[in-house]
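J.: In full-length UniProt numbering, the protein residues as written are 1 to 678.
1) Buried or exposed: which applies to residue 706, given that a residue is buried once 16 or more other Cβ atoms fall within 10 Å of its Cβ?
2) DSSP state of residue 487, grouped into three classes?
3) Could you check what DSSP says for residue 679 in three-state terms: helix, strand or coil?
4) Need the endpoints of the alpha helix (DSSP H) that residue 333 sits in, please.
5) To the nearest whole angstrom, what separates the beta carbons of residue 527 and residue 491, a pair I think is in contact under 8 Å?
6) Identify which residue in 323, 581, 657 and 546 has its Cα closest to the Cα of residue 308.
7) Taking the alpha-carbon of residue 617 as reference, which of 591, 635 and 663 has the nearest alpha-carbon?
8) Just to confirm the assignment, what range does the alpha helix (DSSP H) spanning residue 185 have?
9) By the three-class DSSP mapping on this structure, what secondary structure does residue 667 have?
10) For residue 285, tell me which candidate among 313, 443 and 247 has the shortest Cα-Cα distance.
11) Count the other CB atoms within 10 Å of the CB of residue 45; is the residue buried (16 or more) or exposed (fewer)?
12) Verify whether the separation of the beta carbon atoms of residue 559 and residue 615 is less than 8 Å.
13) Does the Cβ of residue 82 have 16 or more other Cβ atoms within 10 Å, making it buried, or fewer, making it exposed?
14) Suppose you measure from the CA of residue 440 to the CA of residue 446; what does that come to, to the nearest Å?
15) Please classify residue 352 as buried or exposed, where buried requires at least 16 other C-beta atoms within 10 Å of its C-beta.
16) Thinking just about the alpha-carbon of each residue, which of 486, 640, 256 and 462 is nearest to the one in residue 608?
17) From what residue to what residue does the alpha helix (DSSP H) around residue 599 run?
18) What are the boundary residues of the alpha helix (DSSP H) that includes residue 225?
19) Among 378, 585 and 657, which one has its Cα closest to the Cα of residue 686?
20) Where residue 258 and residue 377 are concerned, what is the direct C-alpha to C-alpha distance, given to the nearest angstrom?
21) Hey, residue 477 and residue 506 are a contact pair by Cβ (cut 8 Å); roughly how many whole angstroms apart?
22) Could you tell me which of 562, 216, 470 and 394 sits nearest to residue 501, measuring between CA atoms?
23) Can you give me the C-alpha to C-alpha distance between residue 209 and residue 429, rounded to a whole angstrom?
24) Can you tell which of 182, 354 and 403 has the C-alpha that lies nearest to the C-alpha of residue 392?
25) What did DSSP end up calling residue 609 once you bin it into helix, strand or coil?
26) Can you tell me the Cα-Cα spacing of residue 464 and residue 451, whole angstroms?
27) How would you label residue 295, buried or exposed, when you count the other beta carbons within 10 angstroms and need 16 or more for buried?
28) Locate the alpha helix (DSSP H) running through residue 349, then write down its first and last residues.
29) Let me confirm a value: residue 626 is counted as buried when at least 16 other C-beta atoms fall within 10 Å, else exposed. Which label applies?
30) Using CA coordinates, which residue listed in 487, 497 and 455 is at the minimum distance from residue 472?
Set out below in structure tokens:
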């Protein structure tokens with residue numbers, strides 16, 4: 001075969017191969033154009049490590065992710081189309097280069113075959129072979145070479161198709177904004193099957209950028225957040241999501257997506273709560289979401305606090321700073337201190353302060369000031385809860401051995417008149433009184449306590465505790481009007497009086513008060529028990545019974561009331577009778593005798609009681625100073641009884657009997673024979 005024939009045949013073969021390549025490329029591009037972007041072929045034809053092409057470069061910083069400028073959606077679509085066209089052109093050029101290389105190889109093979117054919121002819125001539133046999137051998141060789149070249153071309157086509165398919169799928173994932181809502185959602189639902197971890201950051205950034213679109217479909221937005229929740233279940237995607245700071249790219253300020261955002265945050269806490277640190281509690285992030293749903297916000301803070309406190313209790317510390325989240329309890333207080341949230345809120349605050357020692361030490365004063373400030377700004381229905389919270393905070397101060405802050409007396413004075421708030425305020429005052437009564441030093445609050453002690457038992461208990469201090473006791477006694485108005489229980493009024501009466505420096509002031517005797521009279525009438533009678537009798541024994549005081553006692557019929565009760569009412573312990581004897585003796589020593597003339601018959605009976613005869617003998621001796629009473633005693637047979645007691649085993653009884661008989665002799669009430677006997 002001549003060289004000219006060989007060259008013509010090679011050129012024709014090359015044109016045919018170029019035509020086939022162009023047809024295959026046009027067919028491939030036609031199929032690609034007909035196939036919708038949303039219908040992605042998810043069956044990977046090669047391993048994920050082969051032919052992977054970077055789809056997007058994500059620039060990050062320690063605080064946030066750089067976001068696209070406005071109009072990025074359209075530009076990104078154009079850029080991706082240009083990249084696709086450039087890639088297809090480059091692939092076409094590569095295919096042509098490979099074909100040219102193959103053609104050059106074929107030409108070289110043809111040249112070598114032609115030269116070899118000449119040698120063969122010469123050899124055949126030498127050996128005597130025919131020309132027909134030589135042409136047949138050359139034809140077979142050319143056919144084998146053509147089949148080999150065709151196989152290479154088909155392999156290149158498969159390679160280009162697979163590469164284009166992978167690039168197309170990767171572009172589809174990142175060009176979701178160009179789809180319709182339905183296609184977008186379908187692609188998102190399929191993301192877990194087709195996405196690889198290396199493309200995770202680009203994928204997260206791309207889908208989160210959708211929230212910058214003011215016309216974003218709500219269903220699409222919710223599906224984006226649900227997709228993220230599903231992806232971060234995988235630890236690798238969770239790591240990408242957190243390390244690249246996508247936590248700060250969530251739509252915190254969009255009310256339509258608050259439920260999905262809060263659910264996503266809850267998932268992050270379950271996975272690794274320490275990721276929610278730094279600026280997470282800033283106004284641009286979670287704080288904005290709390291304002292949209294305070295109750296769920298509290299639930300998330302509660303979950304975060306529980307995880308944080310558990311870690312601190314078990315390991316002592318952690319490689320994180322949880323205060324950014326915990327301080328939301330302080331920063332968002334105006335949101336939480338509403339009727340529907342405040343109980344949950346204050347219980348969470350108290351629990352965090354009680355469980356987290358370091359946080360409590362540095363923040364308790366801030367929370368104290370916070371709640372004090374709220375006393376003048378919140379609804380009245382929340383005030384009881386705030387005062388109760390102050391009680392708990394006071395306990396935490398004591399726990400840390402810190403100085404207890406002063407009570408907000410001004411606000412308490414304004415609020416204590418409200419029936420709903422009163423009990424909580426009095427409870428707070430009682431807790432302070434238990435620590436140091438002097439902590440309750442405000443005179444106006446003491447006046448309020450006295451007023452409400454008439455109906456509130458706890459208020460009277462607070463006053464009793466405060467009365468242990470002489471200065472506070474003097475303030476409590478005041479003008480003494482509370483002695484008459486009384487408290488819910490008369491015995492509490494008496495107890496408070498006795499506590500104040502214990503201070504000797506105040507007794508003169510008490511006795512001179514115009515309500516002193518009426519108070520004693522009221523106590524006798526209302527109480528009427530042996531114990532209360534004994535207490536009142538003790539009070540009379542400890543005061544100076546001046547003529548003025550005795551005159552008041554007679555005026556208000558205190559003596560009559562007291563003796564009427566004690567001489568007529570019997571008790572097993574004989575406390576009543578003993579109290580009557582003591583009362584009459586105390587008054588008799590101050591010159592009051594005539595008032596007891598009608599009680600001589602009762603005294604005559606008591607003197608025969610072996611348990612009371614000694615005390616009665618003192619009273620008899622004192623009353624015998626009055627001649628009128630002495631005559632009455634003689635008629636009642638006192639003389640014979642005390643003559644017999646001169647030989648008693650009791651020295652007191654012997655002595656008092658002798659004195660009594662001498663009193664009678666002084667009044668000339670003994671007969672001559674009786675004087676001889678004496």
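Glycine is no exception: its CB is placed at the ideal position from the N, C-alpha and C atoms.
Keep in mind the model is a prediction, meaning the values are calculated, not measured.
T.: Well, looking at it:
1) A query on residue 706 cannot be resolved here, the shown segment of the chain reaching from 1 to 678 and no further.
2) Within the chain shown, the letter at position 487 stands for residue 487. Three-state DSSP puts residue 487 in coil, outside helix and strand.
3) This structure leaves residue 679 out entirely; the chain is present only between 1 and 678.
4) Within the chain shown, the letter at position 333 stands for residue 333. Where residue 333 is concerned, the enclosing alpha helix (DSSP H) stretches over 333-336.
5) Here the question's residue 527 lines up with position 527 in the chain shown. Here the question's residue 491 lines up with position 491 in the chain shown. Indeed, because the Cβ distance is near 7 Å, the residues count as touching under 8 Å.
6) The sequence position of residue 308 within the chain shown is 308, counting from 1. Cα-wise, what sits closest to residue 308 is 323.
7) Working through the chain shown from its first residue, we reach residue 617 at position 617. Ranked by Cα distance from residue 617, the first of 591, 635 and 663 is 663.
8) Counting from one through the chain shown, the residue named residue 185 turns up at place 185. Run containing residue 185: 181-189, per the alpha helix (DSSP H) assignment.
9) Counting from 1 along the chain shown, the entry for residue 667 is found at position 667. DSSP, read as helix, strand or coil, puts residue 667 in coil.
10) Along the chain shown, one-based indexing puts residue 285 at 285. Looking only at 313, 443 and 247, the smallest Cα-Cα distance to residue 285 is reached by 247.
11) By 1-based counting over the chain shown, the position of residue 45 is 45. Residue placement at residue 45 is poorly supported in this model, since its pLDDT is 32, which falls under 50; the coordinates are not used for a value here.
12) If you number the chain shown from 1, residue 559 lands on position 559. If you number the chain shown from 1, residue 615 lands on position 615. At the C-beta level, residue 559 and residue 615 stay beyond 8 Å of one another.
13) Taking the chain shown and counting its residues from 1, one reaches residue 82 at position 82. In this prediction, residue 82 scores a pLDDT of 45, lower than 50, which makes its location untrustworthy; the coordinate-derived value is nonetheless stated afterwards. Residue burial is scored here from C-beta neighbours: residue 82 has fewer than 16 other C-beta atoms within 10 angstroms and is therefore classed as exposed.
14) By one-based count along the chain shown, residue 440 stands at place 440. By one-based count along the chain shown, residue 446 stands at place 446. Our two residues, residue 440 and residue 446, have alpha carbons roughly 8 Å apart in a direct line.
15) Stepping through the chain shown from its first residue, residue 352 is reached at position 352. Within a 10 Å sphere around the beta-carbon of residue 352 sit 16 or more other beta-carbons, which makes this residue buried.
16) Within the chain shown, residue 608 is the residue found at index 608, counting from 1. Nearest to residue 608 by alpha-carbon distance, out of 486, 640, 256 and 462, is 640.
17) The count along the chain shown starts at 1 and reaches residue 599 at position 599. Residue 599: not part of any alpha helix (DSSP H); DSSP gives it neither H nor E.
18) One-based indexing of the chain shown puts residue 225 at position 225. Residue 225: member of the alpha helix (DSSP H) spanning 218-231, first to last residue.
19) Missing from the structure shown is residue 686; the chain here goes from 1 to 678 and no further.
20) Mapped onto the chain shown, residue 258 falls at position 258. Mapped onto the chain shown, residue 377 falls at position 377. Looking at the two C-alpha atoms, the distance is approximately 28 Å.
21) Indexing the chain shown from 1 puts residue 477 at position 477. Indexing the chain shown from 1 puts residue 506 at position 506. Sure, about 7 Å apart at Cβ, within 8 Å.
22) Taking the chain shown and counting its residues from 1, one reaches residue 501 at position 501. Minimum Cα distance to residue 501 is reached at 470.
23) Sequence index remark: in the chain shown, residue 209 carries index 209 (1-based). Sequence index remark: in the chain shown, residue 429 carries index 429 (1-based). For residue 209 and residue 429, the gap between their C-alpha atoms comes out near 56 Å.
24) Indexing the chain shown from 1 puts residue 392 at position 392. Comparing alpha-carbon positions, the option among 182, 354 and 403 lying closest to residue 392 turns out to be 354.
25) Your numbering for residue 609 matches position 609 in the chain shown. Three-state result, residue 609: coil.
26) As a working mapping, residue 464 is identified with position 464 in the chain shown. As a working mapping, residue 451 is identified with position 451 in the chain shown. In a straight line, the C-alpha of residue 464 is about 14 Å away from that of residue 451.
27) Translated into the one-based positions of the chain shown, residue 295 becomes position 295. Its Cβ having fewer than 16 others within 10 Å, residue 295 is exposed.
28) Here residue 349 is taken as the residue at index 349 of the chain shown, counted from 1. For residue 349, the enclosing alpha helix (DSSP H) has its first and last residue at 342-355.
29) By 1-based counting over the chain shown, the position of residue 626 is 626. In the assembly as shown, residue 626 is a buried residue. Its beta-carbon has 16 or more other beta-carbons within 10 Å.
30) Working through the chain shown from its first residue, we reach residue 472 at position 472. Distance check between residue 472 and each of 487, 497 and 455 places 497 closest, using alpha-carbon atoms only.
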